[in-house]
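Each remark here refers to the structure printed beneath this line.
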Amino acid sequence: MGKLATIDLALDEMLVNLAAIVLRLSKPEITRTPEARRALTQSVHQYAVCAARSTDPRVHELKTQLENTIKPSLRIVAIDGVKVS
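According to our numbering, the stretch in the sequence shown is residues 523 to 607, in order.
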């Protein structure tokens, strides 16, 4: 294995470990404040930039998982007995 391949593999491992940390920090009980949500969003975007050039499928799967943590959740609201989403 060449030096570049070794470096690439090490970077992929670091990205996998970083994603695990950010996923743990994305729990709703940790990201309750607007500041925490903004920090999470920034971390997810930065991870996505770093992951873009990776060829490791784990990195891309984790990127998808992280991006899903910042998507707004849908709520169902009832107005005068009519459900509106």
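The beta-carbon is built from N, C-alpha and C at its ideal position, and this holds for glycine as well.
Taking a contact as a CB-CB distance under 8 Å, the pair residue 555 and residue 562 does not count as one, their CB atoms being some 10 Å apart. Between residue 530 and the set 573, 569 and 557, the nearest pair of CA atoms involves 573.
DSSP, read as helix, strand or coil, puts residue 529 in helix. The alpha-carbon separation between residue 524 and residue 578 amounts to approximately 17 Å. The C-beta of residue 532 has fewer than 16 other C-beta atoms within 10 Å across all chains shown, which makes the residue exposed. Contact annotation: residue 538 and residue 569 have beta-carbon atoms that are not nearer than 8 Å. Looking at the backbone, the Cα of residue 590 and that of residue 526 are separated by about 32 Å.
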